[in-house]
Structure formats: C-alpha cells, structure tokens
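Everything on this sheet refers to the single structure shown next.
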Amino acid sequence: MQLILESLFNGLAIGSVLLIAALGLAIVFGLMGVINLAHGELMMLGAYSTYVTQLIFKLTPLKQFYNSYVIVSLVVAFVVTAVVGIVLERSIIKRLYGRPLETLLATWGVSLILQQFVRSVPLAYASGLICTILIGLIFHIILPKNSLTYSQARIAKVSSWVFSILLGLLSANWLSSSISKLGRASARNVDVTAPSWMRGGFDLWNITFPVTRIVIIVITIIAVFSVTWFLKQSVWGMRIRAVTQNRSMSECLGISTETVDVLTFGIGSGLAGIAGVAVSLLGSVGPNVGGNYIVGCFMVVVLGGVGNLLGTIIASFSIGIMTDLIGAGRLLTIWPDMPAPLATTVDFFATTSMARVLIFALIVAFLQFRPSGLFPQKGRMVEG
Amino acid sequence: MSITKRLFVGLSTIALGASITACGGSDQSTSCVDCDDQVTVGILHSLSGTMAISESTLVDTEKMAIEEINAAGGVEVGGKKYEIKYIVEDGASDWPTFAEKSKKLIDQDKVPVVFGGWTSASRKAMLPVYESKDAFLYYPIQYEAQECSNNIFYTGATPNQQSEPATEFMFKRSPAAGKPFFLVGSDYVFPRTSNTITIEQVKSLGGEVVGEDYLPLGNTEVAPIIAKIKKALPNGGVIINTLNGDQNVAFFKQIQDVGITPDNGYYVMSYSIAEEEISTIGPEFLAGHYGAWNYMMSINTPASKKFARNFKKRWGSDRVVADPQESAYNMVYLWKAAVEKAGTFDDNEVRKALIGVKFDAPQGPVEVMPNHHLSQTVRIGQITSGGQFKILESTNGPVLPQAWNQFEPSSKGYACDWTDSKKGERYPL
Chain A
69 MQLILESLFN GLAIGSVLLI AALGLAIVFG LMGVINLAHG ELMMLGAYST
119 YVTQLIFKLT PLKQFYNSYV IVSLVVAFVV TAVVGIVLER SIIKRLYGRP
169 LETLLATWGV SLILQQFVRS VPLAYASGLI CTILIGLIFH IILPKNSLTY
219 SQARIAKVSS WVFSILLGLL SANWLSSSIS KLGRASARNV DVTAPSWMRG
269 GFDLWNITFP VTRIVIIVIT IIAVFSVTWF LKQSVWGMRI RAVTQNRSMS
319 ECLGISTETV DVLTFGIGSG LAGIAGVAVS LLGSVGPNVG GNYIVGCFMV
369 VVLGGVGNLL GTIIASFSIG IMTDLIGAGR LLTIWPDMPA PLATTVDFFA
419 TTSMARVLIF ALIVAFLQFR PSGLFPQKGR MVEG
Chain B
33 MSITKRLFVG LSTIALGASI TACGGSDQST SCVDCDDQVT VGILHSLSGT
83 MAISESTLVD TEKMAIEEIN AAGGVEVGGK KYEIKYIVED GASDWPTFAE
133 KSKKLIDQDK VPVVFGGWTS ASRKAMLPVY ESKDAFLYYP IQYEAQECSN
183 NIFYTGATPN QQSEPATEFM FKRSPAAGKP FFLVGSDYVF PRTSNTITIE
233 QVKSLGGEVV GEDYLPLGNT EVAPIIAKIK KALPNGGVII NTLNGDQNVA
283 FFKQIQDVGI TPDNGYYVMS YSIAEEEIST IGPEFLAGHY GAWNYMMSIN
333 TPASKKFARN FKKRWGSDRV VADPQESAYN MVYLWKAAVE KAGTFDDNEV
383 RKALIGVKFD APQGPVEVMP NHHLSQTVRI GQITSGGQFK ILESTNGPVL
433 PQAWNQFEPS SKGYACDWTD SKKGERYPL
C-alpha cells in the first residue's frame, strides 16, 4: 500500500511538471495549430521573471512579504510571457497561419534569439523593455479612440509610447542601480531559492512528501481548472472554440478573429510563464532551461491527441507514472518473484536513461495503433 | 506599416541597442613596455552555448596570466623579450567546431601553442587534429584519463589525483565510513569511466556499491533517482556525484526536500562542484557535503591568496577562483617556463623541455611528469555555509599522475612515458 502510494505520488509529481509545461502548448498547438518551438523559451522567461521578482522581494520595503513572493511571481510570470507571446504573435506568427513548416522554422529562430537575448542583455534592461511594451499595450487598449479626431489620436498614441519608454527606462535604471546582479549581462545560470516554508517535506505514512512538489501539483490543478473554465464557460472561451472549429464562419458571425488569435496565443504563452515558475523551483534557471522541456511537451500533446485538454492531462500523468515505475525500478519491488528473464529485462530498463528510451519506444508503438493520440479530434476541422 | 508601428519598432531597437552598449565594458590589457618582439598564442574555449558559463572563466584566467607575464617582461627567448599576444576562438560548445578552430589556429594563425577545451568530448574531437599536424594543445580540466597523447599536455587531475583519494576518504574517514555507496552521474564519458574506477576501488577496499544511475544530459527530472537512492540506502550512506552543471542544482534542491541530508547520515562527494558551482547552486543546499580538488580558494598560503586577489581585481570583486581556473593559470606559466628552458618556440623542443619543469602554483609546487601530466596535491574539503571549502585533509606533497588507471582492469599495469622512445603512450609496467 505504502509502495503504491509513494509511486502514485512520484508519478503525479513528475506528471504535473510535464502537464503544466505542456498546457500552454496544448492550447497554442491544439487550438491554433501553431507549432511553437519557442514555447520552452517562454518558460525560460517565466523562470527568469521569478528570479527577478525574488530579488525585488529581497529589497527593504518588501522584505517582510518575502515568503509570499512565489504567489506574486506567478502573476508576474504570466503577464511577462503573455506580453512577449502577444508581441511574437503580432510580429511573426500572424503572417504564418496555415503554414506549419514556416512557423516551425520561425519559432525555432525566435527561440535562439530569446536564448541569446538573456545571455547578452542585463536582466534589468530586459525587464525595462517588457515594462515599456506592457505599459504601451495598456495605453493602446484604454485610449478613448472614438472621441478623438485622427490627428489627436496620432499624437495621443505617440505620446503614450514615449511615456511608456520613459517609464521602461526608469524602471530599468532603478532595477540596475538597486540590484547590482541585474545590471550586468551574464550567461551564468541563476538560482531561485524557495522561501523557507516551501523547503523540506512532511512525513505521512512513512513517506516524505516534498512541499515544492505539492505546491507544483496545486499550481497545476488550479491552472488546469481555470483554463477549462475559461474555455468552456466564458464568452471569450466560446469565441476561441468557435474560431477553432470554423474560422470563416465565426468571422461572418462577427467574431474578431484577430483578437481571438492574440488572446489564445497570449494565454498559451502566459501558461508557459507559470510553468517557468514551477520549473525554477525544481532546478536552476539558465538560458537553456526551456530546451530541456520542449520535447517532453510535444510528446505529451501528441500522445494526448492534438486539441484535447483531457488527453493532455491523461498523457502527462501516464508518462509521469511510467517514468517512476520503470526508471526507479519499482516493478521489481511490486512483483518480487517475477520470472527470471523478465526480471533481467526490467532491471536493464531500470535506469533513468533507459527508462526514457523505453517510454519513447512505447509511445511510438502506441501511435502506430492510434496515430492521432488518445483522444483524436472528430468532426469538420479535422479536414480543414 | 503605420507610423506608430514604425516608431515603436524604431524606439525599441534603440532601447535594445542602448542596453547592449551599456553593458559592453572596455577591455583593458597590460602590454609589455620594453619587449622586442611579439608571439601570438591561441585560446580556444566555448564562449557561446551550454559550456560558455564554465569555459569563459578559463578564458578570463588565461588572459590574466598572459597579462601578468607581459607586465613582468614577457617571455625571454634567445636574449630577446617577446610580448605574448593571443587570439581567442569560440568553440561554441560544439565538438566539431573545436577541431575546426584548432585547424584554423594551427594552419592559418601559425600559433606555437593552443590553450583550450573543457569537456572530454571536445578534447577527443581535437586530439586527431593535433596529432596529425604535430601541434601542441594544453588542456586544463580534471578528467577520466585513460589517454596519453604526445601532442596534449594535461594540467588537470587524473582519477588518482581526485576521485581515488576521495573514495578512500569517504570509505575510511568520513562520518559515513564503511557504509554502502550509491553512484549518480550525467550520462556521458567522464561519469561512466570515473564510476567504473570507483566501483573497482570500493570493491578492493571491501565496501559495497548498492546502485548507480545516470541522468541523460539536459534532463533535470531527478525524482526516479531519488526514489532509488532512498530504497538502496535506507540508513544513510555515501553518494558519489558526477552530475554535470545545472543537473546538480535540481539534484541538491530535491534531495534536501526528501531528507537526504548530512543530518540524516547521507553524504554526497562531488567531483564537479567547485566554488563557482557552489555559488550558483547556493551553499544552503550544499553545506556539509564534500568535494575533492587540487586547488581550493580557501587554501591559506600567500600564493593562493594572491591568485584570488588578482583575479578579483581584474574581473570583479564578486568573482571566485576554482580548481579549473588554477589549472588554466598554471598551464600558461608552465608553457612560458618550458619555452625559456628550450630557448625556442618550436613545438618539438618545447615538448622535450617541458618535462621536469617546476612551478610554484597557487595550490603549491607542481612538476611536469614524463607522461605529460602534472604532479599535484590532493585536497578533500567539506562545503561550508559560507560557500567555501573547509579543507579537511591534503596529501603530503604532490601525488604523481597515472594516465592509465590502476583499478580499471583494461588499463591495469600500464603507464605512459614520452621521454623514452621505446615506452611512449602505453607500455606495461
């Protein structure tokens, strides 16, 4: 019993990291059909924004709230990566809809640019740039366009951008002067330290449950529920689903498909940011952190069936549990008097490297029988 | 494109440009005032890609050593003083690039020596180039040995200068003495070779290795490995860690969460964690665990302190020095000494002159041995909460290097000697 419980928890822990990382991709790839190879780098930006938030919470006025910085950084990471995602969508991806190969190459290029960007630009200035874009976008939305004449609107637009650039520069300067670590460019990996309440674990039924893992599981559950609620219940969620099913018909019915695209991509990217927070709690944060997850993300989405959230959830947890069962050699413990030839085989695959090989092989075999994953899409859009 | 969009793109480009120029510092270099001539050497490390983080520290150290030599009057050959100039090439963390850039440095720039490399993979890629062109590479990293080229000079530790004394310490004198071992590493040549040696050694000491596991490079999911360790070592024990770079962070963060800590009787001995890595991972995760090196920043001698002080002065007060950097620093000075001893920059003469050259390194005296490796002092340290090593023991003087390992069955009974044309790369003892 204890063994099964421990295995289940470990599988859940591994699976929830996979799921939170793949959730954004499931939306972007599943709903929009965009193969976003820069998804990992958006996670990386999320992880870096956690790092910056952590450093800001070490400054004197905020020090007393240090323990809660993780919660704040979830919001910060979501906003930062959503903004970057929106810029990415508006500048590159919107020109490439319906051309998956070009999107693949372009986003791969973007991922390289983003990696080099965090290596060679000091984080303070990167934060300043994101502040500029964010404030500029907010102005863009709140400006009362209808009540102004054309020339007034132009002046308002230009001055709002000038104002946001000034604010961006100010924040960059403030960051680089008050936190010297952010003022210099560095390719070195940085470290996010979990607040003291998140370190260690608690013991229950002779099993140690690490708090960080539990926090990640909770974050994942909340993210999954909010995404499901948003897509199923809200008006914009309904519009997103409508556009996914039939773009031209939705357009005819008065849905602004451009806004839907921006929104979908923004949410997908924002979820990548939240995944970045989770990942930063487990390991170190560096320019390459995203690349480590991108293959796993695509694996989960493809296995689950493109465009199906339930499939993504089941796929990530089954991969998680399999990784634990095979990699940690638990099969032998569960069934100790296995026939000898089988036992040697299981033992052979009971290392982390070989477990990965076996899981990939099993997925490839599975896709031979069900090429569209666990829950294939049905209906009109499959052809379109 | 509307006017505002163009404005926005323009302004953001300017902001980006400004921020990039703001961080580009000026490159100061000390030149030799009364030198008669110049000699150009090659420096070949990764300045981009995964390995850039580690390898750029070596470039910094090598530049510092060259500047020091220049400031002290350069290299004196045949009564003439030469100022050292350098060409830095980027290996880009890509092994074939290392071979390509080596060819460029040898054929096009005609440098007499190349200082370069970090990973064993990059060295294995460069080796055929140097052997076919009969050029000379100086390689500064502690590695798995089982190699002894006439065209490479290895200033890092061989296993008998790092992992073997460390294993013996853990088995005999650490708080976990006599307990079983578990081996964890990244999945590539160094950890696998190193662990084969450790398994043989633990066997001969009468101990027990209860498990080993390797994490594929780039994978940071350590949960299955932790589950295995807990199962294999229920009552504490020794964990020998040869994980690479950022995989260490995930490993140490997560073993602490499940209670694999020194307080509970688990002691990790790491072969790839130096001061630089301690500051990245965070001493709060590492305090109480062990490391083994030839040089540690906490060595309390004037030479060691001067080395650390000069490095901080040159590159910033928050920088640290560690074993790989010391090794890179030594190799520049050893090359200079060999050139002055030979009286020429010619490779073949320098190679002969190099054997027997001594140097007062930051770690203490070192000497070049006939097998192209260095005799070095070995130190075992415990990581403190201040991010440094507390040196627990150090060998009585330098330990002789073994290019061919004496625990590994395939190389047992062999040695390397380049001073004797009959012996060469590999001969039976």
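Note that the protein sequences, when read in sequence, are chains A and B.
Here the first sequence stands for residues 69 to 452, numbered as in my numbering.
Here the second sequence stands for residues 33 to 461, numbered as in my numbering.
Ideal placement from N, C-alpha and C gives every residue a C-beta, glycine not left out.
Can you list, in chain order, the residues of its chain with a C-beta nearer than 6 Å to that of residue i? Leave out the 5 residues immediately preceding and following it.
i, result
"A:GLY395", "THR420, ALA423"
"B:GLY320", "PRO294"
"A:ILE160", "ALA174"
"B:THR187", "PRO172, SER359, ASN362, MET363, LEU406"
"B:TYR298", "GLY268, ILE292"
"A:LEU182", "GLU109"
"B:LYS19", "Nothing can be reported for residue 19 of chain B: it is not among the residues displayed for chain B, which extend from 33 to 461."
Within 10 angstroms of the Cβ of residue i, are there 16 or more other Cβ atoms? Answer buried if so, exposed if not.
i, result
"A:TYR137", "buried"
"A:MET317", "exposed"
"A:ALA433", "exposed"
"B:ASN251", "buried"
"B:SER236", "exposed"
"B:ASN267", "exposed"
"B:ILE46", "Model confidence at B:ILE46 stands at a pLDDT of 47, short of 50, so the residue's coordinates are unreliable; what they give is reported in the following sentence. Under this definition B:ILE46 is an exposed residue."
"B:GLY57", "A caution first: B:GLY57 carries a pLDDT of 35, below 50, which makes its placement in the model unreliable, though a value can still be read off. Classification for B:GLY57: exposed."
"A:MET69", "exposed"
"A:ASN78", "buried"
"B:THR151", "buried"
"A:GLU326", "exposed"
"B:SER417", "exposed"
"B:LYS345", "exposed"
"B:GLU316", "exposed"
"B:PRO191", "buried"
"B:THR53", "Residue confidence for B:THR53 is low, a pLDDT of 39 falling below 50, so the modelled location carries little weight; the figure read from the coordinates is stated next. By the neighbour-count rule (16 or more Cβ atoms within 10 Å), B:THR53 is not buried but exposed."
Leaving out five residues on either side along the sequence, give the residues of the same chain with a beta carbon under 8 Å from the beta carbon of residue i.
i, result
"A:SER440", "GLY373, VAL374"
"A:VAL96", "VAL102, ASN104, HIS107, THR332, PHE333, GLY336, SER337"
Using a Cβ-Cβ cut-off of 7 Å (strictly less than) and excluding sequence neighbours within five positions of residue i, which residues of its own chain qualify?
i, result
"B:ILE257", "VAL216, ASP245, LEU247"
"B:ILE313", "ASN280, VAL281, PHE284"
"B:GLN60", "Residue placement at B:GLN60 cannot be trusted, given a pLDDT of 43 that sits under 50; what the coordinates show is reported in the next sentence. No residues qualify anywhere along the chain."
"A:PHE428", "none"
"B:LEU424", "ILE412, GLY413, GLN414"
"B:ALA50", "Since pLDDT at B:ALA50 reaches only 43, below the 50 mark, its modelled position is unreliable, and no value is offered."
"A:VAL189", "ALA253"
"A:ALA65", "Residue numbering for chain A in the displayed model covers 69 to 452; residue 65 of chain A lies beyond these limits and cannot be assessed."
Taking C-beta pairs closer than 7 Å, name the residues in chain A that residue i reaches, listed in chain order.
i, result
"B:ILE257", "THR420"
"B:ASP278", "ASN257, GLY351, SER352, GLY354"
"B:ASP219", "SER421"
Using a cut-off of 8 Å between C-beta atoms, extract the partners of residue i located in chain A.
i, result
"B:LEU247", "THR420, SER421"
"B:GLY314", "ASP259, THR261"
Could you pull the start and end residues of the beta strand (DSSP E) that residue i belongs to?
i, result
"B:LEU76", "69-77"
"B:ALA393", "390-393"
"B:SER414", "Just to set this straight, residue 414 of chain B is Gln in the shown sequence, not Ser. Segment 411-415, the beta strand (DSSP E) holding B:GLN414."
"B:TYR170", "169-171"
"B:THR190", "Per DSSP, B:THR190 belongs to no beta strand (DSSP E) and is neither H nor E."
Looking at the C-beta of residue i, does it have a partner C-beta in chain C at a distance below 8 Å?
i, result
"A:THR276", "This model lacks chain C altogether, as its protein chains are A and B."
Residues of chain B with a CB under 8 Å from the CB of residue i: which are they?
i, result
"A:LEU350", "THR252, ALA282, LYS285, GLN286"
Can you tell me where the alpha helix (DSSP H) with residue i in it begins and where it stops?
i, result
"B:ASN380", "379-386"
"A:CYS320", "315-320"
"B:ASP462", "The shown model of chain B, from 33 to 461, leaves out residue 462 of chain B, and the question about it has no answer."
"A:MET112", "107-124"
"B:MET363", "355-374"
Just the chain A side, please: which residues come within less than 9 Å of residue i by C-beta, in chain order?
i, result
"B:ASP295", "What B:ASP295 touches in chain A: nothing, since even the nearest Cβ is about 11 Å away."
"B:VAL504", "An answer regarding residue 504 of chain B cannot be provided, because it is not within the stretch 33 to 461 covered by chain B."
Residue i versus chain B: which residues are under 7 Å apart at the beta carbon?
i, result
"A:GLY397", "LYS260"
"A:ASN78", "ALA255, ALA259"
Cβ contact (3+ pairs, closer than 8 Å) linking the stretch 118-130 of chain A and the stretch 265-280 of chain A
With a cut-off of 8 Å on Cβ pairs, the stretch 118-130 of chain A is not in contact with the stretch 265-280 of chain A, counting fewer than three such pairs.
For the stretch 377-384 of chain A and the stretch 349-359 of chain A, state whether three or more C-beta atom pairs, one from each stretch, are separated by less than 8 Å.
Judged by Cβ distances under 8 Å, the stretch 377-384 of chain A makes no contact with the stretch 349-359 of chain A, as fewer than three pairs qualify.
Contact the stretch 220-235 of chain A vs the stretch 286-293 of chain A: 3+ CB pairs below 8 Å
No: fewer than three Cβ pairs fall under 8 Å.
If you pair each beta-carbon of the stretch 374-393 of chain B with each one of the stretch 423-438 of chain B, do three or more pairs fall below 8 Å?
Too few Cβ pairs lie closer than 8 Å, so no.
When the Cβ atoms of the stretch 102-120 of chain B are set against those of the stretch 168-184 of chain B, are three or more pairs found closer than 8 Å?
Touching, no, given that fewer than three Cβ pairs across the two stretches are closer than 8 Å.
Examine the Cβ distances between the stretch 185-199 of chain A and the stretch 237-245 of chain A and report whether three or more of them are shorter than 8 Å.
Using a C-beta cut-off of 8 Å, the stretch 185-199 of chain A makes contact with the stretch 237-245 of chain A, since at least three inter-stretch Cβ pairs fall below that distance.
With contact counted as at least three CB pairs below 8 Å, one residue from each stretch, are the stretch 142-159 of chain A and the stretch 125-133 of chain A in contact?
Two segments are said to touch when three or more pairs of C-beta atoms, one from each, lie closer than 8 Å; by this definition the stretch 142-159 of chain A does not touch the stretch 125-133 of chain A.
Tell me, please, whether the stretch 332-340 of chain B touches the stretch 134-149 of chain B by the rule of three or more beta-carbon pairs shorter than 8 Å.
At 8 Å Cβ cutoff, the stretches do not touch.
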